[in-house]
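A.B. asks:
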Amino acid sequence: MIKNQTIIYLNNAATTWPKPPEVLKAARQSLDLPIFGSGRTTGSQGEDYITLAREAVAGLLAADPPEHVIFTQNATDSLNLLIQGFFAGCETGCHVLTTALDHNSVLRPLYELERQGRIRLTVLPFEEGVVHPDTVEAAITPDTRIMVMTHGSNVLGSVQDVSRIGEILRDHGVYFMVDGAQTAGHIPVNLQALPVDAYVFTGHKGLLGIPGTGGFYIRHPEPIAPTRYGGTGTDSFSLFQPLDMPERFEVGTHNYPGLAALAAGVNFIMSTGVPAIAEKAERQTAFLIRELEEEPNITIHNEHPALPIISFNIQGIENDDVGFILARAYGVIARTGLHCAPLVHRVIDGGAGSVRLSLSWFTTDEECRIAARAVREIAKNAYSQVSSS
Ligand SMILES: Cc1ncc(COP(=O)(O)O)c(C=O)c1O
Numbered sequence: 040m041i042k043n044q045t046i047i048y049l050n051n052a053a054t055t056w057p058k059p060p061e062v063l064k065a066a067r068q069s070l071d072l073p074i075f076g077s078g079r080t081t082g083s084q085g086e087d088y089i090t091l092a093r094e095a096v097a098g099l100l101a102a103d104p105p106e107h108v109i110f111t112q113n114a115t116d117s118l119n120l121l122i123q124g125f126f127a128g129c130e131t132g133c134h135v136l137t138t139a140l141d142h143n144s145v146l147r148p149l150y151e152l153e154r155q156g157r158i159r160l161t162v163l164p165f166e167e168g169v170v171h172p173d174t175v176e177a178a179i180t181p182d183t184r185i186m187v188m189t190h191g192s193n194v195l196g197s198v199q200d201v202s203r204i205g206e207i208l209r210d211h212g213v214y215f216m217v218d219g220a221q222t223a224g225h226i227p228v229n230l231q232a233l234p235v236d237a238y239v240f241t242g243h244k245g246l247l248g249i250p251g252t253g254g255f256y257i258r259h260p261e262p263i264a265p266t267r268y269g270g271t272g273t274d275s276f277s278l279f280q281p282l283d284m285p286e287r288f289e290v291g292t293h294n295y296p297g298l299a300a301l302a303a304g305v306n307f308i309m310s311t312g313v314p315a316i317a318e319k320a321e322r323q324t325a326f327l328i329r330e331l332e333e334e335p336n337i338t339i340h341n342e343h344p345a346l347p348i349i350s351f352n353i354q355g356i357e358n359d360d361v362g363f364i365l366a367r368a369y370g371v372i373a374r375t376g377l378h379c380a381p382l383v384h385r386v387i388d389g390g391a392g393s394v395r396l397s398l399s400w401f402t403t404d405e406e407c408r409i410a411a412r413a414v415r416e417i418a419k420n421a422y423s424q425v426s427s428s
């Protein structure tokens, strides 16, 4: 077992670690007093963590009004809620667009609807990590109702031009859902300026919160029917789900320690500054790529990522073995395999999967140097074994 102090954690695209001390403190403090929030208690002596988190996320993403920021368990939960809620009101056979860059949290809900015969699905290809806006426009048909696409690829670290794509979709009356699991907290996101109808985020990645939180901003909730029903602390005489925001989509007791932590994570990001976070990530990612490019048997799949994510294979050694050696011999925690985005891998590595290193604000330059040296040593050993056999 590797002790904490020897871990170089480069699996931040899965879940960021460590968390800022403020985040851990907020989660702990939120449990010191009973929950205080509108409609559910007579007490008002403490913080209303849910409102604090809603306002913090709305501030970071320029999401207006804050009541249109909805909290869920994570990005996957949000995408299921949005996709299923949209199709609750859609006649059978609507056309849906998504992309080969997308995560299973988008693909699986859509493929399930396709299997049930409820939608016709088109998966758009990408080139050099990007789905071209022209490709989107060419795929729209008169019955296209919705497009669901990732903002940032969790394998290639590429960021999609959701601004241009959103304009095209708006011109054609197509509802646009964007999966921002990899972009929120990493790059500036201004939802007042972006022509998207719904933007999904998760709490435990770039927003530096703890697992079990996430959500979405929704500009126009009307096309999304509630698919969960229950107590909201409001309009309780009504035996039907209130359609006000956020009660339309938020039912039951919130994960308030998680939301207290999320508010602290978002406040940490705002005080650090997203441009500063992005600039450091870009510098460290470029360093790692330059280092890995020195070895002839390393294939890097994304030489110019916009997010701190590097995917590669080493010729002469399996991905899982690279991951094992990195962890056991060097304390470098990476991720190997398909990264829950199987269609990307069909294109970049023939379905073999990749080794992925992903950074966070807390990754140090020294950790990058050690990780680069470790990967290069593994590649050199593999190379010498291949060339001597
Ligand atoms: C692009 C993308 N979308 C969605 C998800 C799912 O996020 P969550 O684990 O918060 O549901 C991930 C997580 O890896 C992701 O990278």
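Per this note's numbering, the very first residue in the sequence shown carries number 40; after that it's consecutive.
By construction, the Cβ of each residue, glycine as well, lies at the ideal position given by its N, Cα and C atoms.
Helix, strand or coil for residue 50? Go by DSSP, reduced to three states.
C.D. replies: DSSP places residue 50 in strand when its eight states are reduced to three.
A.B. asks: Taking the CB atoms as reference points, tell me whether residue 163 and residue 170 lie closer together than 8 Å.
C.D. replies: Their beta carbons are under 8 Å apart, which means residue 163 touches residue 170 by this criterion.
A.B. asks: Rank 353, 137, 352, 92 by C-alpha distance to the C-alpha of residue 218 and give the top, closest one.
C.D. replies: Of the candidates 353, 137, 352, 92, the one whose C-alpha sits nearest the C-alpha of residue 218 is 137.
A.B. asks: Distance, Cα to Cα, residue 103 vs residue 425?
C.D. replies: Between residue 103 and residue 425, the C-alpha separation is close to 57 Å.
A.B. asks: Identify which residue in 60, 214, 261, 423 has its Cα closest to the Cα of residue 356.
C.D. replies: Residue 356 has its Cα closest to that of 423, out of 60, 214, 261, 423.
A.B. asks: Could you pull the start and end residues of the beta strand (DSSP E) that residue 215 belongs to?
C.D. replies: Residue 215 -> beta strand (DSSP E) spans 214–218.
A.B. asks: Tell me which same chain residues have a C-beta within less than 6 Å of the C-beta of residue 123, skipping the five on either side of it?
C.D. replies: Excluding sequence neighbours, residue 123 sits near 266.
A.B. asks: When you compare only the Cα positions, how much space is there between residue 232 and residue 74?
C.D. replies: The alpha-carbon atoms of residue 232 and residue 74 are separated by roughly 35 Å.
A.B. asks: Taking 7 Å as the cut-off, does the CB of residue 220 come closer than this to any heavy atom belonging to ligand 1?
C.D. replies: Yes; taking the cut-off as 7 Å, the Cβ of residue 220 has a heavy atom of ligand 1 nearer than that.
A.B. asks: Quick one: any contact between the segment 371–391 and the segment 225–239, if contact means 3 or more CB pairs under 8 Å?
C.D. replies: Cβ pair count under 8 Å is below three, so no.
A.B. asks: Among all the DSSP beta bridges, which residues are the ones paired with residue 238?
C.D. replies: Note: residue 238 sits in a beta bridge opposite 217, 256.
A.B. asks: If you run the structure through DSSP and keep just helix, strand and coil, what is residue 384?
C.D. replies: Reduced to three states, the DSSP call for residue 384 is helix.
A.B. asks: Is residue 255 near residue 239, with beta carbons less than 8 Å apart?
C.D. replies: Contact: yes.
A.B. asks: Using the three-state DSSP reduction, which class does residue 397 fall into: helix, strand or coil?
C.D. replies: Three-state result, residue 397: strand.
A.B. asks: Quick check on this structure: which residue in 155, 174, 273 has the alpha carbon closest to the alpha carbon of residue 33?
C.D. replies: There is simply no residue 33 to check, as the chain begins at 40 and stops at 428 in what is shown.
A.B. asks: Give me whichever residues DSSP pairs with residue 110 in a beta bridge.
C.D. replies: 254.
A.B. asks: Quick one: using the 10 Å Cβ neighbour count with 16 as the cut-off for buried, is residue 413 buried or exposed?
C.D. replies: When all chains shown are included, residue 413 counts as buried.
A.B. asks: Could you tell me the distance, in whole angstroms, from the CA atom of residue 208 to the CA atom of residue 201?
C.D. replies: Between residue 208 and residue 201, the C-alpha separation is close to 10 Å.
A.B. asks: For the pair the segment 104–124 and the segment 333–349, tell me if three or more CB-CB distances fall below 8 Å.
C.D. replies: No contact exists between the segment 104–124 and the segment 333–349.
A.B. asks: With a threshold of 6 Å on Cβ separation, who are the neighbours of residue 308 within its own chain once the five nearest residues in sequence on each side are excluded?
C.D. replies: Correct list, in chain order: 224.
A.B. asks: Relative to the C-alpha of residue 119, which residue among 142, 134, 130, 97 is closest?
C.D. replies: Among 142, 134, 130, 97, the Cα nearest to that of residue 119 belongs to 142.
A.B. asks: Less than 7 Å between C-beta atoms, sequence neighbours within five positions excluded: which residues of the same chain meet that for residue 291?
C.D. replies: If we look at residue 291 and ignore the five residues flanking it on each side, its Cβ neighbours are 269, 270.
A.B. asks: Identify whether residue 124 lies in helix, strand or coil by the three-state DSSP scheme.
C.D. replies: Residue state, collapsed to three classes: helix.
A.B. asks: By Cβ distance below 8 Å, which residues in the same chain neighbour residue 68 in space, the five residues on each side in sequence not counted?
C.D. replies: Within the same chain, residue 68 has close Cβ partners 299.
A.B. asks: Could you give the DSSP three-state label for residue 13: helix, strand or coil?
C.D. replies: Nothing about residue 13 can be read from this structure; the chain reaches only from 40 to 428.
A.B. asks: What is the rounded straight-line gap between the Cα of residue 121 and the Cα of residue 419?
C.D. replies: Looking at the two C-alpha atoms, the distance is approximately 47 Å.
A.B. asks: Looking at residue 351: is its Cβ nearer than 8 Å to the Cβ of residue 393?
C.D. replies: Yes; because the gap between Cβ atoms is below 8 Å, this pair is in contact.
A.B. asks: With distances taken Cα to Cα, identify the nearest neighbour of residue 402 among 321, 275, 262.
C.D. replies: Nearest of 321, 275, 262 to residue 402, Cα basis: 321.
A.B. asks: Given this structure, state the Cα-to-Cα distance separating residue 206 from residue 176, to the nearest angstrom.
C.D. replies: For residue 206 and residue 176, the distance between alpha carbons rounds to 10 Å.
A.B. asks: May I have the straight-line CA-CA distance separating residue 293 from residue 333, to the nearest angstrom?
C.D. replies: In a straight line, the C-alpha of residue 293 is about 49 Å away from that of residue 333.
A.B. asks: Name the DSSP beta bridge partners of residue 160, please?
C.D. replies: According to DSSP, which records beta bridges pairwise, residue 160 is partnered with 135.
A.B. asks: In this structure, how does DSSP classify residue 144 when only helix, strand and coil are distinguished?
C.D. replies: Reduced to three states, the DSSP call for residue 144 is helix.
A.B. asks: Using the Cα positions of residue 327 and residue 407, report the straight-line distance between them to the nearest angstrom.
C.D. replies: So the alpha carbons of these two residues sit roughly 7 Å apart.
A.B. asks: Are the CB atoms of residue 303 and residue 65 within a distance shorter than 8 Å?
C.D. replies: Yes, the pair counts as a contact, with Cβ atoms nearer than the cut-off.
A.B. asks: Which two residues bound the contiguous alpha helix (DSSP H) that contains residue 69?
C.D. replies: Element bounds for residue 69: 60–69.
A.B. asks: So, using beta-carbon positions, are residue 89 and residue 288 closer together than 8 Å?
C.D. replies: Cβ atoms of residue 89 and residue 288: not closer than 8 Å.
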